[in-house]
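Undergrad:
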Amino acid sequence: MSLQRPPLWQIIKPHLTVFDGALSLIVFLILSVGIVTLYSAGMNFPGRVEDQLRNILVAFVVMWIAANVSPQLLLRLAVPVYTVGVTLLIAVALFGIIKKGSRRWLNIGMVVQPSEIMKIAMPLMLAWYFQKREGMLRWDAFVVAAILLLIPGFLIIRQPDLGTGLLVLAAGFYVIFFAGLPWKILAGLFVAGAASLPVVWSFMHDYQRQRVMMLIDPTSDPLGKGFHIIQSTIAIGSGGVTGKGWLMGTQTHLEFIPERTTDFIFSVYSEEFGLIGNIVLLVLYLLLIGRGLMITANAPTLFTRLLGGAITMIFFTYAFVNMGMVSGILPVVGVPLPFMSYGGTALVTLGLGAGILMSIQRHRKLVQS
Numbered sequence: 008m009s010l011q012r013p014p015l016w017q018i019i020k021p022h023l024t025v026f027d028g029a030l031s032l033i034v035f036l037i038l039s040v041g042i043v044t045l046y047s048a049g050m051n052f053p054g055r056v057e058d059q060l061r062n063i064l065v066a067f068v069v070m071w072i073a074a075n076v077s078p079q080l081l082l083r084l085a086v087p088v089y090t091v092g093v094t095l096l097i098a099v100a101l102f103g104i105i106k107k108g109s110r111r112w113l114n115i116g117m118v119v120q121p122s123e124i125m126k127i128a129m130p131l132m133l134a135w136y137f138q139k140r141e142g143m144l145r146w147d148a149f150v151v152a153a154i155l156l157l158i159p160g161f162l163i164i165r166q167p168d169l170g171t172g173l174l175v176l177a178a179g180f181y182v183i184f185f186a187g188l189p190w191k192i193l194a195g196l197f198v199a200g201a202a203s204l205p206v207v208w209s210f211m212h213d214y215q216r217q218r219v220m221m222l223i224d225p226t227s228d229p230l231g232k233g234f235h236i237i238q239s240t241i242a243i244g245s246g247g248v249t250g251k252g253w254l255m256g257t258q259t260h261l262e263f264i265p266e267r268t269t270d271f272i273f274s275v276y277s278e279e280f281g282l283i284g285n286i287v288l289l290v291l292y293l294l295l296i297g298r299g300l301m302i303t304a305n306a307p308t309l310f311t312r313l314l315g316g317a318i319t320m321i322f323f324t325y326a327f328v329n330m331g332m333v334s335g336i337l338p339v340v341g342v343p344l345p346f347m348s349y350g351g352t353a354l355v356t357l358g359l360g361a362g363i364l365m366s367i368q369r370h371r372k373l374v375q376s
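The numbering of the sequence shown is my numbering, which starts it at 8 and goes up by one.
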């Protein structure tokens, strides 16, 4: 007597229910907008769209794997992942690969960029740290947390990689803040940071100082260091209310916009879809952040609340910094627009973050049931 096989849908369904419906839909919509924009931006770069579709597939696989990993396992992995990440950063400082004047990569049989690991490892480690000290937090706990944060932050910034360093520092700071950092300490840090700006300026590389000066007045070197930001703001402004239309961006197709498939893809989007398109995109990002905060608010443990909150705010930081720099209100740093910019590393990191949020939501439902 043969047993009847269950319908195909019943076999597939348990593997698909790991995805949070709302979060998956929002990510899918942003990715779709990104592919449409990349098609226009990358017309002179054959294979970019195909490569990005492959990157998206890899990111969704990583997202699915992360969604299946329980928060309890993430808690156990926090210290080993952080330790490995810091060890690799030290190895980069000692004998890393130098490209374009920066020592950011390491050959361990394959070329890797360890700083990318820290974008997730940092909030994981600090969330684990505060979970272990739940109910007995004192000022010294925040000092230790700051040390844990500053070690990888310093190693990344000195590579130099200011953009990634700021993202890692921001991810760790969000955990510390959500853990209950007193406002008095926060105000003191702000004052100390402002007072230390002259010292920070003296330690900055020449190209970093130039980026700050171009933020203040890009017209001081319109054909040199200020060219990129001037052309970017022209593209954004020329889009007007409704945009010039898909594939019709003159700044884009006359190749005035720099790095138009990666860091400056928002300029391409703004020129072709205008203010209305920008509003739609901003709403999508607000929905992404709102869904992440909703998952965070309903998380059952301190660890998952801190981790979920930090990952959600990483999405915010990516979007805010990227849109700010291409609009001329922030210095230019290497921060991609989340789920839109071309590139595999950042997309996989973001997919991992989204998968962790889905894991938090899924296992909360399992606990409740």
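Cβ atoms here follow ideal geometry from the backbone N, Cα and C, with glycine treated the same way. Here the structure is a predicted model, which is why all the values come from computation and not from measurement.
(1) What separation, rounded to the nearest whole angstrom, lies between the Cα atoms of residue 36 and residue 153?
(2) DSSP three-state call for residue 107: helix, strand or coil?
(3) Label residue 400 either buried or exposed according to how many other C-beta atoms from any shown protein chain fall within 10 Å of its C-beta, with 16 as the threshold for buried.
(4) By a C-beta neighbour count over all protein chains shown, 10 Å radius and 16 as the cutoff for buried, is residue 224 buried or exposed?
(5) So what does DSSP say about residue 51, is it helix, strand or coil?
(6) Can you check which of these residues, 147, 360, 172 and 64, is closest to residue 302 by C-alpha distance?
(7) Where residue 25 and residue 74 are concerned, what is the direct C-alpha to C-alpha distance, given to the nearest angstrom?
(8) Where does residue 261 sit, in a helix, a strand or coil, going by DSSP?
(9) Can residue 175 and residue 106 be called in contact, C-beta distance under 7 Å?
(10) Suppose you measure from the CA of residue 38 to the CA of residue 347; what does that come to, to the nearest Å?
(11) Looking at residue 317: is its Cβ nearer than 7 Å to the Cβ of residue 87?
(12) State the start and end residues of the unbroken alpha helix (DSSP H) segment that holds residue 278.
(13) With distances taken from CA atoms, which of 28, 76, 56 and 90 is nearest residue 370?
(14) I need the straight-line Cα distance from residue 182 to residue 136, nearest angstrom please.
(15) Check residue 112 in the structure and name its three-state DSSP category.
(16) Quick check: the Cα distance between residue 166 and residue 110, rounded to an integer number of angstroms?
(17) Excluding the 5 residues preceding and the 5 following residue 354 in the sequence, name in chain order all residues of the same chain whose CB lies nearer than 6 Å to its CB.
(18) If we count Cβ pairs, one from each stretch, closer than 8 Å, do we get three or more for the stretch 331–342 versus the stretch 46–60?
(19) Span of the alpha helix (DSSP H) holding residue 235?
(20) Tell me, please, which residues DSSP counts as bridged to residue 206.
(21) Look up residue 119 in the DSSP assignment and give the residues it is bridged to.
(22) For residue 202 and residue 362, what's the separation of their Cα atoms in angstroms?
(23) Would you mind reading off the limits of the alpha helix (DSSP H) that contains residue 225?
(24) In this structure, does DSSP put residue 58 in helix, strand or coil?
(25) State yes or no: is the C-beta of residue 322 within less than 7 Å of the C-beta of residue 286?
(26) If we ignore side chains and look at the alpha-carbon of each, how far apart do residue 85 and residue 34 end up?
(27) Is it buried or exposed, residue 78, if we count other Cβ atoms within 10 angstroms and call 16 or more buried?
(28) Distance check for residue 268 and residue 349, CA to CA, integer angstroms please.
(29) Kindly indicate the opening and closing residues of the alpha helix (DSSP H) around residue 349.
(30) Below 7 Å CB to CB, which residues in the same chain sit around residue 241 once its five sequence neighbours on both sides are set aside?
(31) Under a three-way DSSP split, which group does residue 322 fall into?
(32) Is the Cβ of residue 86 closer than 7 Å to any Cβ of chain D?
TA: Reading from the atomic positions:
(1) Between residue 36 and residue 153, the alpha-carbon positions lie close to 37 Å from each other.
(2) DSSP places residue 107 in coil when its eight states are reduced to three.
(3) Here the chain covers residues 8 to 376 and nothing more, so residue 400 does not appear.
(4) Under this definition residue 224 is an exposed residue.
(5) The answer is coil: DSSP assigns residue 51 none of H, G, I, E or B.
(6) The shortest C-alpha separation from residue 302 is found at 360.
(7) Spanning the two alpha carbons is a distance of roughly 6 Å.
(8) The answer is coil: DSSP assigns residue 261 none of H, G, I, E or B.
(9) Contact: no.
(10) When rounded, the distance between both Cα atoms is 6 Å.
(11) 7 Å or more divides the Cβ of residue 317 from the Cβ of residue 87.
(12) Note, residue 278: alpha helix (DSSP H), 272–304.
(13) Looking at the Cα atoms, 76 is the closest of the given residues.
(14) Cα atoms of residue 182 and residue 136: separation of roughly 10 Å, rounded to the nearest angstrom.
(15) Strand at residue 112.
(16) A direct Cα-to-Cα measurement between residue 166 and residue 110 gives close to 5 Å.
(17) Taken in chain order, the residues that qualify are 62 and 66.
(18) Taking 8 Å as the limit for Cβ pairs, the verdict is that the stretch 46–60 does not touch the stretch 331–342.
(19) Note, residue 235: alpha helix (DSSP H), 234–245.
(20) Paired residues: none, contrary to the question.
(21) Residue 119 is bridged to 113.
(22) Annotation: residue 202 to residue 362 spans about 40 Å, alpha carbon to alpha carbon.
(23) Annotation for residue 225: no alpha helix (DSSP H) segment contains it, and DSSP assigns it neither H nor E.
(24) It is helical.
(25) The answer is no: Cβ separation not under 7 Å.
(26) For residue 85 and residue 34, the distance between alpha carbons rounds to 26 Å.
(27) Residue 78 counts as buried, since at least 16 other C-beta atoms from the protein chains shown sit within 10 angstroms of its C-beta.
(28) The straight-line gap from Cα to Cα measures roughly 6 Å.
(29) For residue 349, there is no enclosing alpha helix (DSSP H), as DSSP marks it with neither H nor E.
(30) Cβ neighbours of residue 241 beyond the five flanking positions: 258.
(31) Here residue 322 carries a helix assignment [DSSP, helix/strand/coil].
(32) Included in the structure is just one protein chain, with no chain D present.
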